[in-house]
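Participant: Letter by letter, the sequence shown follows residues 1 to 541 of UniProt numbering.
Using N, Cα and C, we set each Cβ at its ideal position, and we do this for glycine too.
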Amino acid sequence: MMSSLTEVVVQLRIRRHRQAPWLHSQQARWRAPQARHHCQDHTSHASNWRRRSSASAMKSLWATMTPSVMGQNIRAPDTTVRFTPYHSPLATYAKARQAALSVERTPQALSSVIGTYLVTKEANEQARLRRSPQGGEYVYSHTHIHLYNHLLHKLETLSGGVVKEPGMLQPWVQAIQPFRRDLFNRTYMVNPIVEAFSGGLTHGRFGFPAMDDWTLGIKRRNRFFINTSVPRYQAPNYAAPLSLLAGFHNVILLDDSASMTWPGDTRWGTATQSRWDQARGVLSGMAELLSSYDQQGVDLYLLNHGDPRQPWRRTDLNLQNQGLRTSAQVSRIFNAVRPDGGTPMGQRINDILDAYMVALRHDRKMKPLNLLVITDGEAGDDWILRHTIKNHIEHIVQRGHDGPQLGVEFVQVGNDPLATAHLQDLEDFVSEHHQAQGRDVVDFTPIYQLNEVSAEVMAHIMVSGIDARSRNYLRSRLQFRSPIPSQFDGAGQYGQYGSGGGYLQQPGYGGGGYGGRPGYGGQYGGGGGYGQGYGGRPYGY
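1. Start and end of the alpha helix (DSSP H) containing Leu-118?
2. Using three-state DSSP, classify His-460 as helix, strand or coil.
3. Which same chain residues end up closer than 7 Å to Gly-281 when comparing Cβ atoms and leaving out the 5 residues on each side of it in sequence?
4. Assess contact between the stretch 186-194 and the stretch 349-364, defined as three or more Cβ pairs (one per stretch) separated by less than 8 Å. Is contact present?
5. Straight-line CA distance for Pro-89 to Gln-424?
6. So Gly-247 and Ser-159 are supposed to be a Cβ contact under 8 Å. How far apart are they, rounded?
7. Confirm, please, whether the CB-CB distance from Asn-350 to Ile-384 is below 9 Å.
8. What number of angstroms, rounded off, separates the C-alpha of Thr-375 from the C-alpha of Ile-193?
9. Kindly list the residues whose CB is nearer than 7 Å to the CB of Asp-256, restricted to its own chain and excluding five residues on each side of it in sequence; keep chain order.
10. Are at least three pairs of beta-carbons, each pair with one atom in the stretch 168-179 and one in the stretch 125-143, less than 8 Å apart?
11. Since Ile-374 sits in a beta bridge, which residues does DSSP pair it with?
12. Quick test of your reading: Leu-147 and Glu-122, contact by CB under 8 Å. State the CB separation rounded to the nearest angstrom.
13. Does the distance from the CB of Leu-254 to the CB of Val-463 come in under 9 Å?
14. Just how far apart, CA to CA, sit Glu-427 and Val-163?
15. Just to confirm, are Gln-405 and Leu-372 a CB contact at a threshold of 9 Å?
16. When DSSP labels each residue in this structure, what does residue 542 get in the three-state scheme?
17. Should Ala-96 go down as buried or exposed, given a rule of 16 or more other Cβ atoms within 10 Å for buried?
18. Mapping DSSP to helix, strand and coil, what is Met-211?
19. With distances taken Cα to Cα, identify the nearest neighbour of Ser-141 among Asn-191, Trp-214, Pro-107, Gln-329.
20. The beta strand (DSSP E) spanning Tyr-301 covers which residue range?
21. Excluding the 5 residues preceding and the 5 following Asp-443 in the sequence, name in chain order all residues of the same chain whose CB lies nearer than 6 Å to its CB.
22. Quick check on the DSSP output: the beta strand (DSSP E) that includes Thr-445 runs from which residue to which?
23. List the residues that DSSP assigns as beta-bridge partners of Ser-274.
24. Excluding the five sequence neighbours on either side, which residues of its own chain have a C-beta within less than 7 Å of the C-beta of Leu-418, listed in chain order?
25. So, for Thr-326: in the same chain, excluding its five sequence neighbours on each side, which residues have a beta-carbon less than 7 Å away from its beta-carbon?
26. Sorted by chain position, which residues of the same chain lie with C-beta nearer than 8 Å to residue 543's C-beta, five sequence neighbours on each side aside?
27. Determine the closest residue to Asp-402 out of Glu-432, Lys-365, Val-119, with distance taken between C-alpha atoms.
28. Helix, strand or coil for His-422 per DSSP?
29. Do Ala-196 and Asp-277 have their CB atoms nearer than 9 Å?
30. Hey, would you say Leu-118 sits closer than 9 Å to Leu-169, going by beta carbons?
31. Is the CB-CB distance between Gly-204 and Gly-414 below 9 Å?
32. So that I know if they touch, is there some Cβ in chain C lying closer than 9 Å to that of Met-211?
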């Protein structure tokens with residue numbers, strides 16, 4: 001026990017991403033309270049970041065704040081994990097693992113190790129990001145996405161080295177789940193796309209999703225599904241039933257660049273309509289059709305909507321763009337938005353897929369994502385688009401997700417031959433990764449392949465992509481030599497989402513992991529946290 005307590009003040013500056021300078025600088029105080037460790041709220045703003053602490057003098061940490069986001073005060077929900085810090089900062093994996101194996105095997109004692117390790121890793125990564133811009137796989141991602149995945153990676157690595165020890169599994173799961181929830185909620189509070197995807201969490205954002213060998217770090221960097229024999233192209237199957245959409249969350253990304261005001265193609269509507277008006281007619285019908293299968297409704301994002309630095313904010317123009325169910329909701333968006341600007345397709349797709357992967361990493365039973373991209377032109381940031389597709393295909397494979405977990409379907413509106421050539425070139429690029437990773441993630445439907453376009457046709461295009469991804473996945477996994485039936489509704493074959501059964505008696509998506517082992521956890525832990533506090537939001541934004 002230390003004879004004196006020291007106040008640890010951490011001023012967290014929201015790092016300004018090159019694409020998102022709209023985030024406000026904020027400050028959070030982490031205070032070692034006096035006597036009975038009473039917690040007090042501290043909220044202020046700062047433009048610089050600094051940390052003054054003596055690791056050996058830390059007694060306990062606490063963090064909570066009321067941030068100002070887009071001019072509104074939003075109090076963070078109380079998912080803060082309380083713990084008594086370990087007596088050293090635990091700067092390395094080896095030290096953290098040694099500490100975890102040496103303390104008493106109780107959730108309280110293990111929380112001390114986990115919390116101290118995360119605090120240290122977060123501070124170190126913040127300092128590194130200040131010295132040099134982020135790069136690598138998250139080079140085009142927001143800083144909070146980078147930090148979330150960085151800390152989850154450290155946590156999973158530590159878990160993999162600890163839970164294999166006898167008697168460690170249950171107390172470790174009880175200790176680690178509140179930290180995972182806190183990391184997710186801190187990202188949720190500043191990223192509206194993560195907020196939208198959180199509607200698909202099996203236990204909500206305040207519950208604890210079941211943990212399996214992947215979330216516990218026992219399995220890592222999967223290579224099992226790689227199969228270079230997967231065919232480069234699979235003929236579309238427009239006869240697959242629309243009820244397949246019930247097992248997927250459907251998201252639409254619509255091009256709202258200036259060229260969408262140009263005359264459209266007669267396949268999409270009349271010759272006098274612009275591409276924007278033609279898209280309005282099709283998407284109005286799609287909202288009602290898709291929401292009849294997906295209870296979450298349809299999320300509609302635009303490339304240049306509202307503030308170009310933050311096109312997905314639902315506060316822009318006071319529009320609801322998530323959970324759409326009616327044509328009237330879609331019409332309100334089209335009435336309020338005037339197409340303008342460029343085509344930052346790569347960055348917007350990256351933002352959506354980043355947010356989905358955050359939710360999926362938190363809860364592996366999330367519904368698969370079906371992303372429909374409607375565009376009339378070439379991406380203005382093609383290099384980001386290619387990086388995004390390659391990066392997220394690799395993440396899906398490395399984290400051991402099922403074949404249909406992620407799909408992106410490009411559909412062309414208008415008849416620009418340059419746009420057609422660009423999307424075909426993109427499809428060729430993606431095909432290389434299809435063969436290398438054994439995944440059919442991206443499909444492209446050019447305008448000349450369609451006789452007419454309607455809500456029903458677009459829905460069948462989405463279903464056809466699901467069919468291709470599912471069939472290719474089962475071919476590579478189960479080594480089928482004969483064609484697989486396309487009509488795979490119901491639990492008699494593939495299984496409904498969240499049910500057991502499935503093809504060849506494989507469990508369904510929600511059955512506790514593909515291939516058998518039930519998930520760990522459930523509602524371990526419950527309640528508040530242990531000791532004093534870790535976390536509070538935001539971090540490093």
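Facilitator: Taking the structure as given:
1. It spans 107-131 - the alpha helix (DSSP H) in which Leu-118 sits, taken as one unbroken run.
2. Three-state DSSP puts His-460 in a helix.
3. Cβ neighbours of Gly-281 within its own chain (closer than 7 Å, five residues either side excluded): Gly-269.
4. Because the criterion of three Cβ pairs below 8 Å is met, the stretch 186-194 and the stretch 349-364 touch.
5. Near 52 Å, if we compare the C-alpha coordinates of Gln-424 and Pro-89.
6. With a contact defined as Cβ atoms closer than 8 Å, Gly-247 and Ser-159 miss out at about 29 Å.
7. For Ile-384 and Asn-350, yes; Cβs fall inside 9 Å.
8. One C-alpha to the other measures close to 20 Å.
9. For Asp-256, where only same-chain residues beyond five positions count, the Cβ hits under 7 Å are Leu-302, Leu-303, Asn-304, His-305, Val-337, Pro-339.
10. As far as the Cβ criterion goes, the stretch 168-179 does not touch the stretch 125-143, which means the pair count is below three.
11. Ile-374 has Leu-254, Val-411 as its beta-bridge partners, per DSSP.
12. Correct: roughly 7 Å between the Cβ atoms.
13. Leu-254 is not a Cβ neighbour of Val-463, given a cutoff of 9 Å.
14. Take the alpha-carbon of Glu-427 and the one of Val-163: they are about 42 Å apart.
15. The Cβ-Cβ distance between Gln-405 and Leu-372 does not fall below 9 Å.
16. Here the chain comprises residues numbered 1 to 541, so residue 542 is not present and cannot be evaluated.
17. Residue environment: Ala-96 is assigned as buried (16 or more neighbouring CB atoms within 10 Å of its CB, all protein chains considered).
18. DSSP places Met-211 within a strand segment (E or B) once states are collapsed to three.
19. Residue Asn-191 is the option with its Cα nearest to Ser-141.
20. Where Tyr-301 is concerned, the enclosing beta strand (DSSP E) starts and stops at 299-302.
21. Excluding residues up to 5 positions away in sequence, Glu-409, Gly-465 lie with their Cβ nearer than 6 Å to the Cβ of Asp-443 in the same chain.
22. Here the beta strand (DSSP E) through Thr-445 covers 442-445.
23. Its beta-bridge partners are Pro-263.
24. Hits under 7 Å: Glu-378.
25. Ala-287, Glu-288, listed in sequence order.
26. For residue 543 there is no data in the structure shown, the boundaries of the chain being 1 and 541.
27. Answer by Cα proximity: Lys-365.
28. In the structure shown, His-422 sits in a helix (DSSP, three-state: H, G or I).
29. In this structure, Asp-277 does not lie closer than 9 Å to Ala-196 by Cβ.
30. When the beta-carbon positions are compared, Leu-118 and Leu-169 stay at least 9 Å from each other.
31. Contact: no.
32. Absent from the structure: chain C. Only one protein chain is present.
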